[in-house]
Structure formats: C-alpha cells, structure tokens
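Below is one structure, written out as structure tokens, with a few remarks after it.
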Amino acid sequence: MLLSTLIVFCVMRLLPGDPILMFVTQDQMDSMSSKEEMDALRKEFGLDKSIPMQYLNWVGGLLRGDLGDSIFFNTTVTEEIGSAFPITFYLAIVTFILANLIGIPAGIICAVRRGKWSDTVLTILANAGITAPVFWFGILLIYLFGLYLGWLPIQGYTSPFDNFSMSLQKLIMPVICLLLFPLAGIVRQTRSAMLEIIQQDYIRTARAKGLTEKVVILRHAVKNGIIPVVTLAGMQFRLMLGGQVIIETVFNIPGMGRLAVEALFSQDYALVQGVILIISFIVVLTNLIVDISYGWFDPRIRYD
Amino acid sequence: MVGSILEYVMIKARKNIMAADKDGFDEDSPRVVGLKRFNRVFFGRGVVVFGMMVILVLVLTAIFAPLLAPHDPYAQDLTNVLAKPTLEHPLGTDSLGRDTLSRIIYGSRTSLLVGIVAVLIASATGMFLGLTAGYFGGFTNTVIMRLIDALMTYPMILLALTIAAVLGGGLKNVILALGVALIPVYARLMCGQTLSVKQNDYVTAASSMGATNFRVMLRHVAPNCFPPLIVLMTMMLGGAILAEASLSFLGIGINPPGAAWGAMVSEGYRYLSTMPILSFAPGLAIMLVVFAFNMVGDGLRDALDPRLRGSI
Chain A
1 MLLSTLIVFC VMRLLPGDPI LMFVTQDQMD SMSSKEEMDA LRKEFGLDKS
51 IPMQYLNWVG GLLRGDLGDS IFFNTTVTEE IGSAFPITFY LAIVTFILAN
101 LIGIPAGIIC AVRRGKWSDT VLTILANAGI TAPVFWFGIL LIYLFGLYLG
151 WLPIQGYTSP FDNFSMSLQK LIMPVICLLL FPLAGIVRQT RSAMLEIIQQ
201 DYIRTARAKG LTEKVVILRH AVKNGIIPVV TLAGMQFRLM LGGQVIIETV
251 FNIPGMGRLA VEALFSQDYA LVQGVILIIS FIVVLTNLIV DISYGWFDPR
301 IRYD
Chain B
305 MVGSILEYVM IKARKNIMAA DKDGFDEDSP RVVGLKRFNR VFFGRGVVVF
355 GMMVILVLVL TAIFAPLLAP HDPYAQDLTN VLAKPTLEHP LGTDSLGRDT
405 LSRIIYGSRT SLLVGIVAVL IASATGMFLG LTAGYFGGFT NTVIMRLIDA
455 LMTYPMILLA LTIAAVLGGG LKNVILALGV ALIPVYARLM CGQTLSVKQN
505 DYVTAASSMG ATNFRVMLRH VAPNCFPPLI VLMTMMLGGA ILAEASLSFL
555 GIGINPPGAA WGAMVSEGYR YLSTMPILSF APGLAIMLVV FAFNMVGDGL
605 RDALDPRLRG SI
C-alpha cells in the first residue's frame with residue numbers, strides 16, 4: 001500500500017513542470033530565424049503540433065526510454081544525460097556519505113558537550129557553513145589550494161576508472177564545497193534533536209541504571225535522535241543537487257548541473273526537460289528511500 | 305500597644321518585600337512582561353546583536369548608496385583597469401576600471417531589493433495557499449499540497465534558474481522566479497500551522513457565532529499562525545539573497561551595467577590569479593549579510609517561541 005500511494009505521488013509530482021516548458025519552447029523560437037527555417041525546424045522536432053500532442057509525444061517517448069533530441073548538441077538527450085549523470089551521481093554519493101559520516105558524530109558531540117568550547121566552535125562553524133555562498137567558497141579554495149599553494153588541480157573531472165589518483169585530486173575541492181551546506185545542516189539538526197532526546201525520562205532511567213555515558217548516548221539517545229536527521233537528509237539531497245548546478249559550473253565539471261545551465265542558456269528545451277525530469281526523479285526516489293528507512297529506524301512507524 | 309502594632313506592620317511589610325523578591329513580582333502588564341522577556345532573549349546573544357547591526361548597516365548602505373560610494377559605480381576608466389587597492393580605490397578596480405567598493409555599495413541595493421520583494425511575493429502566495437489548504441482540508445488540501453509537493457521535487461536553484469531563463473533576464477524576472485521558487489516552504493509551514501490553530505476553541509466559537517469562512521480564516525486563524533512565519537521570513541531573506549547571488553553568478557540577473565554581488569564574484573573569478581580581491585570582497589559581503597539574517601532569524605525564533613527550535 002505504501003508503494004502504490006507513492007507511485008501515484010511520483011506521477012503527480014512529475015507531471016506539472018513539463019507542459020509549461022513545452023509551451024515556452026515555441027515562444028522563444030519565434031525570435032530565432034526566418035519563418036521557413038523555423039517551420040522546418042519545428043516540424044523536425046515535432047513542435048508544429050498542438051501542445052497537448054507534443055506533451056503526449058514526449059511522455060510516449062519517455063515510456064520507451066527516449067527523452068527526445070537535443071537541439072543544440074545534435075545528439076539525443078539520453079546520450080547527453082548518460083554521459084553527465086554518472087559524474088553528478090558519483091559526486092553526490094561521495095558528498096552525501098561524507099556529510100553523514102562527519103555531520104552526525106559532530107552533532108552528537110555538540111549536544112553532549114553543550115556549552116563547552118567544542119560545542120561553541122562547531123556550532124559557529126555550522127552556522128557559517130549554511131550561510132557561505134558555495135560558489136564563493138569554491139573560488140576561495142581554488143585560490144588557496146590551486147593557485148597559491150599549487151597542491152590541487154583547479155578544474156575539470158577525471159573518471160576514477162581512468163586515473164584514480166588524478167580523479168581523487170580533482171574531486172577534493174568540489175566535494176568540500178558540496179559538503180559545506182548539507183554538513184552544516186546535519187550538524188545543526190543532530191544537535192537540536194539530541195538535545196531534546198537527552199532530556200527525556202528514559203535517558204534518565206538509563207543513567208540511573210548505572211549504564212556508562214557512552215552506552216546511554218550511543219544505544220539509547222542516538223537511535224531516537226536520528227529520525228529528524230533522516231528526514232533532513234532527504235531534503236539535503238535535493239539541496240545538494242541544486243548546489244551541483246553551481247559547483248559544476250565553478251569547477252568546470254561536465255555533470256548534470258552544468259548540462260542544465262548550458263541547455264538553459266542555449267534554450268535547448270528537450271535537454272532541459274530531460275535533465276529536470278531525471279533530477280526530480282532522483283529526488284522522488286530519495287524521498288521514497290527516506291520514507292522506507294523510517295520504518296527501519298523506528299519500528300513504531302511500521303504499524304501505523 | 306503602639307509598639308506592637310508598629311512591629312506588626314513592619315513584619316508585614318518585610319514579608320511583602322520578601323514575597324515580592326521571591327516571586328519576581330512587578331507591576332508591569334502582561335504585554336510589557338512579554339516584551340521584556342523578548343528583549344532579554346533576543347538581545348541576550350552576541351551573534352544576534354551582531355546580526356542586527358549588520359542588517360542595519362546594510363539597510364543604511366542601500367538607502368544612502370549615492371552618498372557613501374566614493375566613485376560612480378558605472379563610470380569606466382580604461383586607463384586604470386584591474387588596479388591594486390589604493391587609497392583612492394580601497395578595493396581596487398575591475399576589468400573596466402570601475403571602483404569595486406562603490407559597486408559593492410550599490411550591489412547592496414540589488415540584494416536587498418530582490419530579497420525583500422521575492423520573500424514578500426513568496427510569503428503572501430504561500431500563506432494564502434497554505435491557509436486555504438489547511439482550513440478547508442479534504443480535496444482542496446490534496447490538490448494544493450500535491451502541487452506544492454511537485455514544486456518541491458526540483459532543487460530550488462534549478463527551479464529559479466529555469467523560471468528566470470524562461471522569462472528572460474532582468475531584475476524583475478529574477479525576483480519573480482525566486483518568489484515562485486520559495487512558495488513551497490511557506491505554503492507547507494502555513495498549512496501545518498493552520499491545521500493546528502484550527503483545533504482551538506476560539507475558532508469553533510467564531511464560526512458558531514456565524515462568522516463567514518473568510519472572516520474566520522483572516523481574523524482568527526491567520527494572526528495566530530504568524531510567529532513562525534515571521535521567523536521563516538527573516539531566514540528566507542538571507543536565503544533569497546544567497547539564491548539571487550547564485551543566479552547572478554551563473555549569469556542570470558540584473559542587466560550588465562547594474563551591480564550585483566554574485567555577478568561581481570563571477571567577473572572576478574576570471575582574474576583570480578592576479579586580482580583575487582575582486583572575487584573575495586563581494587563574496588564576503590554576501591556571506592556577512594546572509595549570516596546576519598540567519599542569526600537574527602534564530603534569535604527571533606528563540607525569543608518568540610522557544611518550542612519552535614528544530615522545526616524551522
């Protein structure tokens with residue numbers, strides 16, 4: 001049942017963006033070239049048909065796994081996305097894992113040592129993290145490590161299968177930039193969730209039983225404190241994909257984000273649609289995973 | 305006799321004083337007590353005061369930009385391009401010889417304008433949608449909230465970018481794009497608030513006295529949803545300014561001669577190896593302002609309703 005509602009949900013979520021974009025395609029092409037040329041082009045891309053027809057065509061193609069042709073790159077959208085997607089996904093996964101691995105323990109430390117200097121320092125860093133403009137932070141890193149110290153290559157992307165150490169070196173700065181925002185968010189959320197949990201009765205009971213502080217925190221508190229963090233993690237993933245739009249532009253990484261920006265500037269609507277569709281599909285998928293993982297973290301939810 | 309009465313009065317008075325001390329008894333009205341508490345919590349934290357100061361400086365800078373700027377931000381001086389910082393140009397000049405400091409000062413106008421108007425658009429629309437969805441519930445709720453959910457599947461930046469690209473550049477369209485992209489956050493919060501406020505007896509009382517739906521929504525439900533919304537608006541001002549900077553960094557925003565911090569960072573990026581300050585200075589301005597708005601938002605939240613901690 002959970003699954004069926006979610007599928008309906010997904011469909012509902014995916015629909016609205018597309019016809020709008022379709023509609024705009026025609027508007028913007030009006031200013032492009034001579035009338036005959038335009039008509040020919042329109043015919044080629046099926047833009048001469050009515051909007052609902054175009055939409056049906058597109059959705060029909062989608063079901064067959066065909067995202068349409070890119071007007072600008074002279075390739076199919078599937079090809080373009082096929083080459084860009086793994087890069088973005090790779091970056092996103094690495095960042096996401098790191099953000100949780102660092103963020104959750106840091107948040108727990110903050111909550112346990114509330115008011116001590118380690119809490120103060122981490123909280124200020126976290127607050128700075130959610131406010132720093134990522135593109136600016138990226139440029140700072142490029143200046144410091146790329147130009148001033150000369151430790152890291154400035155731009156580009158190398159597949160880890162071609163040259164692993166080079167790929168790692170090129171990955172460090174973009175990943176740090178991408179990390180900034182989700183990491184800060186996770187630290188803040190973990191901290192406030194843990195602070196609330198620590199005041200609960202069962203924590204006092206656990207302490208009264210004579211359990212060591214380590215067991216109390218790790219076994220009793222974290223298990224319940226983690227749920228709001230999981231909710232946030234789903235949201236962070238979406239924000240991170242948004243952040244990639246900027247980071248990929250700064251570091252010149254040929255991923256989905258840069259593809260989206262390029263496609264937007266060249267008014268390549270089939271491509272924009274494809275990219276946005278895939279990204280929102282990933283977001284929906286993440287939400288699904290988050291919803292499922294609730295049941296795993298908190299068995300009470302399974303029975304609702 | 306007189307002595308014992310006097311003694312009695314004295315003891316009584318002392319008791320009163322002690323009681324007053326213990327209970328923190330004072331004669332202020334509840335409103336004043338609330339205000340005092342608000343002031344104590346709000347101004348009690350250093351970062352919040354710092355944030356307020358930054359915002360004050362930002363607003364004053366934006367208003368008095370022509371008086372503060374040492375040079376005309378649009379005047380090009382091709383004999384003096386990419387100049388290192390001097391007394392005349394404290395932050396140097398850009399690739400067209402324009403004074404960086406003056407452009408940052410004028411850029412504050414862009415940031416503040418975009419931030420305020422976008423947040424106003426988003427909060428007004430989002431509040432209306434959320435209020436309607438939460439109040440009527442059922443089918444209305446489903447339709448509106450599914451629409452909001454659909455908007456929420458796109459990363460905010462990408463959504464704003466797409467809308468801005470579709471509408472074309474220019475300040476007005478960026479404001480509109482950001483306004484639309486921010487709607488979901490408000491709609492969701494307002495919907496949740498409405499659902500909980502609706503349960504109160506005074507809402508039932510009002511509607512049983514024959515108040516129209518419209519009146520109940522506007523006079524009884526909406527005002528009681530405000531505190532978290534005000535907090536969110538403050539925080540989102542920072543968010544909107546950051547998003548505007550990101551968009552203008554990518555090249556969508558105010559048209560060329562105009563000054564925007566994000567675009568300045570992007571311009572400076574090209575001369576990073578020779579003139580890093582061209583990128584650093586406007587970036588620092590963005591960060592300071594966004595930090596200030598976030599901190600003030602945090603402070604407002606703690607002062608208005610500490611229970612909100614964690615939910616916003």
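Protein sequences, first through last, are from chains A and B. Here the first sequence is numbered in our numbering, starting from 1 and rising by one per residue. Here the second sequence is numbered in our numbering, starting from 305 and rising by one per residue. Heads up, the beta-carbon is just placed ideally off N, CA and C, and yes, glycines get one too.
Determine whether the Cβ of A:Ala99 lies closer than 7 Å to any Cβ atom of chain B.
no
Three-way DSSP call (helix, strand, coil) for B:Asp606 in this model
helix
Can you pull the DSSP bridge partners for B:Asp403?
B:Thr397
Select from the region 110 to 127 of chain A all residues with a C-beta closer than 7 Å to any C-beta belonging to chain B, and list them in chain order.
Asn127
Validate contact between the region 495 to 505 of chain B and the region 525 to 533 of chain B using beta carbons, cut 8 Å, 3 pairs
yes
Check whether the region 591 to 602 of chain B and the region 571 to 580 of chain B are in contact - that is, three or more C-beta pairs closer than 8 Å.
no
Answer yes or no: do B:Val484 and B:Ala468 have a C-beta to C-beta separation smaller than 7 Å?
no
Three or more C-beta pairs below 8 Å linking the region 124 to 131 of chain A and the region 200 to 209 of chain A
no
Let's test the definition: count the other Cβ atoms within 10 Å of the Cβ of B:Leu551 and tell me whether it reaches 16, buried, or not, exposed.
buried
Using a C-beta cutoff of 7 Å, does B:Met460 count as contacting chain A?
yes
Can you tell me where the alpha helix (DSSP H) with A:Leu239 in it begins and where it stops?
Val222 to Phe251
Could you check where the alpha helix (DSSP H) with B:Pro527 kicks off and where it finishes?
Ala526 to Leu554
Three Cβ pairs or more, each shorter than 8 Å: is that satisfied between the region 514 to 526 of chain B and the region 434 to 451 of chain B?
yes
With A:Val283 and A:Ile81 assumed to form a contact (beta carbons below 8 Å), what rounded beta-carbon distance in angstroms separates them?
The Cβ separation is near 16 Å, so there is no contact.
Report yes if the CB atom of B:Val507 is closer than 7 Å to the CB atom of B:Gly355, and no otherwise.
no
Counting contacts by CB-CB distance shorter than 7 Å, is A:Phe297 in contact with chain B?
no
For B:Val569, which residues of its own chain have a beta-carbon under 8 Å away from its beta-carbon, when the five flanking residues on both sides are left out?
Ala549, Phe553, Ser583, Pro586, Gly587 and Ile590
Contacts around B:Ala563, its chain only, beta-carbon distance under 6 Å, and the 5 residues preceding and following it disregarded:
Pro377, Arg407, Tyr410 and Gly411
Pick from A:Ile278, A:Asp291, A:Ser293 and A:Ile108 that is closest to A:Val187, judged by C-alpha positions:
A:Ile108
Sequence-distant residues of the same chain with beta carbon closer than 7 Å to B:Asn528, five excluded per side
Val501
B:Phe347 burial status per 10 Å Cβ neighbour count (16 or more: buried)
exposed
Whole-angstrom distance between A:Arg191 and A:Thr120, CA atom to CA atom:
12 Å
Counting only C-beta atoms, is A:Val222 closer than 7 Å to chain B at any point?
no
With B:Ser512 as the anchor, note down where its alpha helix (DSSP H) starts and where it stops.
Asp505 to Ser512
Given A:Asp201 as reference, the closest of A:Gly185, A:Leu183, A:His220 and A:Gln189 once Cα atoms are compared
A:His220
Measure the alpha-carbon distance for B:Met357 versus B:Gly543 and round it to whole angstroms.
19 Å
Range of the contiguous alpha helix (DSSP H) that encloses B:Tyr490
Leu475 to Val501
Please classify B:Arg402 as buried or exposed, where buried requires at least 16 neighbouring CB atoms within 10 angstroms.
buried
Just checking: is the beta-carbon of A:Ile93 within a distance shorter than 7 Å of some beta-carbon in chain B?
no
Any chain B beta carbon closer than 7 Å to A:Ser4
Confidence at A:Ser4 is low in this model, with a pLDDT of 40, below 50, so the placement of that residue should be treated as unreliable; the coordinate-derived value is given next. Taking Cβ atoms only, chain B never reaches closer than 7 Å to A:Ser4, which makes this a no.
Residues that A:Gly103 contacts on chain B, provided the C-beta gap is smaller than 9 Å
Under the 9 Å cutoff, chain B gives no residues; its nearest Cβ is about 15 Å from A:Gly103.
Output yes or no for whether 7 Å exceeds the beta carbon distance between B:Leu289 and A:Val245.
Beyond the ends of chain B as shown, which are 305 and 616, falls residue 289 of chain B; an answer cannot be given.
With H, G and I counted as helix, E and B as strand and the rest as coil, what does DSSP make of B:Arg413?
helix
If you count every other CB in all the chains shown that lies within 10 Å of the CB of B:Gly557, and 16 or more means buried, which is it?
buried
Comparing alpha-carbon positions, which option in B:Ala426, B:Met456 and B:Thr404 lies nearest B:Met579?
B:Thr404
Boundaries (first-last residue) of the alpha helix (DSSP H) holding B:Ser570:
Trp565 to Tyr573
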